[in-house]
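Protein chains in written order, with our numbering: chain H, 22 to 314; chain Z, 22 to 314; chain P, 22 to 314; chain X, 22 to 314; chain V, 22 to 314; chain R, 22 to 314.
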């Protein structure tokens, strides 16, 4: 019995079937071009069957297995899928992730697309998870930013969840994030927060970015924010900020957060530490396809 | 006088205006969502103008400036663009790349999309260029693979060219690359090459992947290939391969090529060294936007 | 000098130029079909010019004027637009809204699309505004729901803003709204709120729907919600709810809210009253085009 | 056995499977956004099953049931559908329309889209049917106009058919409708009809709009029209028009036709009475989903 | 001064700017692929300008010049267009049709797309015109069918108009055409015509296909058709049919109509002669581009 | 058991399932329009079943049968398909190609689309095959060009393969073809070939067009080309060219190649003869649908 792509999703995260179909179709179209897999057409008979095994060559956290299944089925709906892992799971190096049985030409034609999707998203999930492991036992949650690969935001945000991270805004539209330019134009922190609150509906949160504790104090005085982003502060200042705020709103550390610095940042007691690196610069996880025909 | 996106292209590489428009539209749609930049609508008057400067915080090779210009103009066609660099150029850290003058709300709404595109593609171009610099003075050319970020292949292949690299196949369809599975099914190297040659039109090149010098010798005997991919060979073996082939077809080194190993590989005399890393795992170049309103 | 569609937007609301272009293109394609305006091709010479005036036959609040301008320009870019109103403005019956000067065939071909867009969105804005006027002087804000016309959500949410209303969620994804089924599956209000809070990022608000004051009390005890939706309560119960909550989170009245009942509801002191009617059932505003050739 | 969306169509009307898929996909994408149903992901386990019942809260004529079925299946193909009604059928208030059995998360995620589609189209069908009932026993048929909700024309025209109405033109391209501007530019009724006839193929009908009986007489003299639209005439004048024409071509009453006036209009003997209101301003039919998990 | 694509349209026919943009974009994407014009990038400097002249090598009727202009401008908006002909005009062999001045790379990249569009549509227009010339002086009009090249219907129907022909149905939806299967299922000619009339709105024409004069007589008796298609009748039978009908409805000759037979058919007095050949099998008109750089 | 569209593909050629779905959807949308098959809705009950047989009226080579199957299944997935031929096969006149059993309305609605696709592509395959038959026993292969019908390139290139032909470039991007303008701008044959070689990756072939044997000699001297296109040469000159080249690279004859001249050209010993006519001007193959209900 073949498994459906949906059944391989991480249970704590959302990825729409529309998005899966769209991403897979787009990637296949890009790779097949106009003439398709000219090599396999020339060298492999149309009726040859293949048994392929998707493998994680390196250890990591899985993300993208539903897309892998969907890619193979898109080119040959009769392809059988049996998965040995699902998204969100950590696997060791050299783990067999999925058996794929179908027409050899279709398996070969979908191979690179499947691996590119799985390698990219598992790369994001694995990078996220490395941060997450370093903050275990603290109150700090790792979250992503809007610094994502253009066109892949929903997929990468999903991968962050697979890795145990939390999602920041998905776009400019699902929360307010007030930055220095907004403050400057509005005429200060009090003014900008009042404008923001007056415009925001009751389901829109307001976060404001501050560079100094003085600014943070002003936000505390005005009191209309749901969260404050501490921009490029050192750990000592962050610790002070945490004390000042006393849980009245969420504190997010941002700017130059690395695997080296994250543990110390988490010790300051901030609620969130956000990293653009996990989405825009995480290296691919090394995945491969072993094929027998 | 505002500059057109097209005028900022790398002169040695192609990126279609259709692709530019498509990538920018898709990325903007993803970031604007349904409600748009709720923060700026709430805090910045509709008629406020902004002057923004796109900056490279770190040194690197530019790729994506036409997309940056297109992103700003897409949201406000009246935006003025004056660029101080174009794609394919190396810039020092802290270089001002482009002045952007337009409605503040539109500038802020396009900011992240513009930076994500520029940071990603310049990351690829810069990574490519680092490899290219290490092979200067040798006959070896750096080239990319099909291990690209799903949905971004044309853009990333363009970025590779901006960085001085060469492009391998754009997809499964523009050349034949015969791998172990094809050889096995067809019944050996001679058989697979004959099948391939019989099917290929006169404008389709044939490359075949070999693991050993014995296989290479067989290819030399059959003589129907345009290029041979040396898969995961050490430098000594590659050197031998170069001698054996004596320029009769192109030799491509592939597998585990890193910045550390590339110089030694180039010394073997191979024609091409291909790297998936430069497209699937190159870190973003750090770029930013300074805004005055 | 012709005006740009963007310049006619309501300054307090967002509508993306991508959305404008998409909505207009889709509507024009739907009306032009494959053969276009066969009547005008047959009866009006290609070089005839037209001067048209967009008119509000009935009083109302404008929404959709940028789309009107975009529709005419889409079919003939040389068309001149001079607007006498912009979105968000209330106009009297028989107000001239916009002069349009261009090729007669193009003006006639775009007429119905322009009027359908303007009539529909101004209908929503006007309906919203009637509710807004009835709550003036109270703390209650009028907001919309997800009961919108399929395919037109971003446009209708914009129209609600034009009418002075606030926006509720734009989709399932930009805030949590916990309903009876969620409560039942999770095993009660405390359990569901804890699950929700554990999963929500720091920029996602949580609203929970309650039917009774007992449920409301439980929410107050648990304390993890940002807002509570009072489902189908009578005014007396709502008043009690307002007292119980004492401003600790936002209260939204929902269910059967009409122009007749809204004033009384607003007197209860709830923060929001939400209406599906203003988006799914508001009648078109009567708008027309007077044409001289 | 689950039923297919197609099997729920009104047998006398057409709605393409392409259109169904397109409308449902578009509406789901709009509601799911980038992050999907964050509430259900957080609070309902991935393997929870739901049994939902689609209900008409108010009496009305069904339109949109195939779209309801398609929406649930789109998010989870394994969802079981058992319908108790089909499009075109009148149901009483509180009628159970369809049983839906599937994964709870998918059922909840598709709920609003399904109800918005069904409520909107059944609203149009029900409004149409109210007009149709008032003209029963007369020769007058109720028909729609091009005053439809932008982007929903094919769906709304289908809903009109479900309600027992007839369709006017689907667009500018499937028949000629000559209005005052065409007459003026062409230099009078005789001239415009000759031009129209000369250009029209043999499968394109020609209708002309007249304001007065004098104009109608002129049309009768020229004799090239298939139908005449009587624009804003009172019932007495219409009756005279009917006599004058004596069945030589179809007569359509248009302008300000309401539920109050329609019976009197029908008594005049006109062949068609057209109403924009039934498509652009019909209120939603009240439909709901009862869910058990 | 550069001319707009729209200004080159045939004045008696419609082609939407949306359709022009769509067709040109699609064809360019198909030809540029992912890597674009690799030859010109390699061999022609980015700043080289070109002056190209579009030429009709053979005599014919023009159709597609607006698409030619749009193709060049799509790749380089600054391209200057000066046309010496417009669609619908007959030109001699070796006529210069249009001067194009722009960046050499863009001109070369758009060349084949422009010529393919112009050659195909002018081929249809020219084939149509050859039929039209042979029926001059008779009452017979040449018209097309639904036997068009998939995906190009609107363009080819436009080309038929450019050639002086008339358009039959654009699709299944804009008129009824009753064929033998419909008659058989409905239980005869009288029954099928009654069903059709009962379902058709007042702007939908009804045509019925007959094979024999007996069937034609039955149609005359029933009297609900607007047109009759005479299927594969010889000229003598057609002449009899014309007499029988006496102008009471339009008669269309169909089936095996060729340039050899058309004159004789026209002499029978039928109103229309329809040909699938002019759209599905007309050879390309020979057009070329002369370029100077 | 119903057959899948994929199973009807020509085994030596590629056509992506994405392309099949896209082509069929686009063609159906074009034919169904907004109102669908109004004739069948009016005259054929919804539950009538049909048995249809796809027939080749004339002898020819099949291409497009997978699209035929896909078209019927797209409108009614339950439709049963039993094929008696597959693409690439030659059939005699009056051959039954496929049995189709499904809902009558769906079968009739998809009929014209199915036949248009099959007739067009089989026309291309049949025309190609006529050339191929005339060169049997020679070394000459027939190939296509980029002179294809806009929007149908992948389909037509596939049809050429079905007919036994070879594919030239699929677009501007998959090989270099140097023409007179490139030579002129670069400053001669040697210069242009060096530029091309310097820019081309190792999997991009270079072909150069020559008009004279002097030019050919120059290409031989420079030696960087993979193929040479002999433009409009007579047979004697071609024969000389073949001798001069002595197999060092592929020779392609191009320009004015017809069924009359092809045999003589093949005798010259050229490797390829390319024809635009087989894609842009091949007449439709006559195919039909016999239906029983």
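We treat Cβ as the ideally placed atom computed from N, Cα and C, and that holds for glycine.
Residue burial classification, residue i (beta-carbon count within 10 angstroms, cutoff 16)
i             : result
residue 70/P  : exposed
residue 129/H : buried
residue 107/P : buried
residue 87/H  : buried
residue 20/X  : This structure gives no information on residue 20/X, because the portion of chain X shown stretches from 22 to 314.
residue 280/H : exposed
residue 38/X  : buried
residue 66/R  : exposed
CB-CB length for residue i against residue j, believed under 8 angstroms
i             : j             : result
residue 73/V  : residue 114/V : The Cβ separation is near 19 angstroms, so there is no contact.
residue 56/Z  : residue 191/P : 5 angstroms
residue 82/P  : residue 150/P : 5 angstroms
residue 347/Z : residue 116/H : Since the displayed chain Z opens at 22 and closes at 314, residue 347/Z lies outside it and no answer follows.
residue 273/V : residue 251/V : 7 angstroms
residue 140/Z : residue 307/Z : 7 angstroms
Secondary structure of residue i, DSSP reduced to three states
i             : result
residue 26/X  : helix
residue 187/X : strand
residue 286/H : helix
residue 111/V : strand
residue 296/X : coil
residue 34/V  : coil
residue 174/P : helix
residue 251/X : strand
residue 242/P : helix
Cβ neighbours of residue i in the same chain (closer than 6 angstroms, five flanking residues each side left out)
i             : result
residue 148/R : 299, 303
residue 166/H : 189, 295, 297
residue 314/R : 69, 71, 125
residue 180/R : 84, 142, 145, 146
Residues near residue i by beta carbon distance below 8 angstroms, same chain, minus five either side
i             : result
residue 247/R : 226, 227, 228, 270, 271
residue 33/H  : 109, 182
Contacts that residue i makes with chain B (C-beta to C-beta distance below 8 angstroms)
i            : result
residue 59/X : Checking the listed chains, one finds no chain B in this structure; the protein chains it contains are H, Z, P, X, V and R.
**OP:** Check distances from the C-beta atoms of the segment 239–264 of chain X to those of chain R and list, in chain order, the residues that come in under 7 angstroms.
**Re:** none
Original post:
For the segment 92–122 of chain R, which residues have a CB atom closer than 9 angstroms to at least one CB atom of chain H, in sequence order?
Top reply: none
Original post:
Going along the chain, which residues of the segment 37–51 of chain V sit with their C-beta nearer than 7 angstroms to a C-beta in chain Z?
Top reply: 46, 49, 50
Original post:
Which of the residues in the segment 163–192 of chain X, read from start to end, lie with their CB under 8 angstroms from any CB of chain P?
Top reply: 167, 168, 169, 170, 171, 172, 173, 174, 175, 191, 192
**OP:** Give the residues from the segment 121–143 of chain V that approach chain X closer than 9 angstroms (Cβ to any Cβ), ordered along the chain.
**Re:** none
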